[in-house]
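Engineer: The number in this note's numbering is simply the position in the sequence shown, starting from 1, with 47 added.
Okay, handing you the structure first.
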Amino acid sequence: MVYGAEETLLDDFLEYVELEFPQLNPYNKLSICKDNLYLITKRCINLMEEVNLGDVLYHRGWKNYIAINKNSIKQIALSPEINDDGTWRIDLQLHPGDTMNQARSFFTGINRDKLLELPNKGWSVTPNFHFAYRSSNLVWPNVKVGTEVYIDHWLANINTLGQINKVDFEQYCIELEKLGLISDTDWSRINEKILSTNMPKINICPGVSLIYTWSKEDAIKLDENKKLSKDIKSKIIEALATWE
Numbered sequence: 048m049v050y051g052a053e054e055t056l057l058d059d060f061l062e063y064v065e066l067e068f069p070q071l072n073p074y075n076k077l078s079i080c081k082d083n084l085y086l087i088t089k090r091c092i093n094l095m096e097e098v099n100l101g102d103v104l105y106h107r108g109w110k111n112y113i114a115i116n117k118n119s120i121k122q123i124a125l126s127p128e129i130n131d132d133g134t135w136r137i138d139l140q141l142h143p144g145d146t147m148n149q150a151r152s153f154f155t156g157i158n159r160d161k162l163l164e165l166p167n168k169g170w171s172v173t174p175n176f177h178f179a180y181r182s183s184n185l186v187w188p189n190v191k192v193g194t195e196v197y198i199d200h201w202l203a204n205i206n207t208l209g210q211i212n213k214v215d216f217e218q219y220c221i222e223l224e225k226l227g228l229i230s231d232t233d234w235s236r237i238n239e240k241i242l243s244t245n246m247p248k249i250n251i252c253p254g255v256s257l258i259y260t261w262s263k264e265d266a267i268k269l270d271e272n273k274k275l276s277k278d279i280k281s282k283i284i285e286a287l288a289t290w291e
């Protein structure tokens, strides 16, 4: 990988090549990226642009993403990730309900059965439960219950979702632990990040993480046959259809 001034110089050079000599573009297909994560990342950016569902932007501290104008979700990311054996894969990530307002919209419009059917179509569907203050996410609890129980809890209680006063937050978390929505191992972080601070209110964000994965081999084959961007768009539409 390259960083800093070297990364800027390389970005400028590759942008020049793409504009002036597109036939020499070193990341217009995954097969010619030669397992180079920098080039694979650039190819993923191109693929997100090909999907054409919104501007492709960069979130500092996270990754490039499609900016999507939905009440329940604002970002959709496509990026290379490393497996335990050192090989790479391509992950498509959607995190609906990432803020309190997004969660209200998500659970108001959700089709429960269609969402819970996604794992049978290759998706990973897991809780993305966290506590936040203003725009800062503070703690991601270890949710002990399964995804179906988690979804059903928030479907039944979404009308009560709101900010919790700091003085009430400890008791609120005690009740969450009884329900299996947080774990006893979360208390040290809750104390450090929230209870020991002067924050007046805490946002409750019961989101969900949806991840679809293409193996290196499948991604290269689809890309070689000019089908990868279509498959990516199809999977995005499939996911959004479970609550839009």
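Just so you know, even glycine gets a beta-carbon here, dropped at the ideal spot from N, CA and C.
K268 to I198, Cα distance in whole Å?
Structural biologist: 35 angstroms
Engineer: Can you tell me which of the three DSSP states C80 falls into?
Structural biologist: coil
Engineer: Helix, strand or coil for A288, going by three-state DSSP, please let me know.
Structural biologist: coil
Engineer: Go through its chain and collect everything with a Cβ distance to W187's Cβ below 6 angstroms, but skip five positions before and after it.
Structural biologist: H177
Engineer: Using 8 angstroms as the threshold, is the C-beta distance between L257 and A286 below it?
Structural biologist: Contact flag set, yes.
Engineer: Between K110 and the rest of its own chain, which residues show a CB-CB distance below 6 angstroms, the 5 nearest in sequence each way excluded?
Structural biologist: A124, S126
Engineer: Starting from the C-beta of I251, find all residues in its chain whose C-beta is less than 7 angstroms away, skip the five residues before and the five after it, and write them out in chain order.
Structural biologist: M147, F178, L208, I211
Engineer: On the premise that W135 lies in contact with Y259, defined as a C-beta separation below 8 angstroms, what is that separation, rounded to the nearest angstrom?
Structural biologist: So it is not a contact: roughly 15 angstroms between Cβ atoms.
Engineer: Starting from I258, follow its DSSP beta bridges and name the residues at the other end.
Structural biologist: Q140, S171
Engineer: What residue does the beta strand (DSSP E) around I123 start on, and which one ends it?
Structural biologist: 122-129
Engineer: Apart from the five residues on each side of it in sequence, which residues of its chain come closer than 6 angstroms, Cβ to Cβ, to L162?
Structural biologist: T289
Engineer: Which value, in whole angstroms, describes the spacing of the CA atoms of N130 and S262?
Structural biologist: Cα to Cα, the separation comes out at about 10 angstroms.
Engineer: Using only the alpha-carbon positions, how far apart do D145 and N158 sit?
Structural biologist: 18 angstroms
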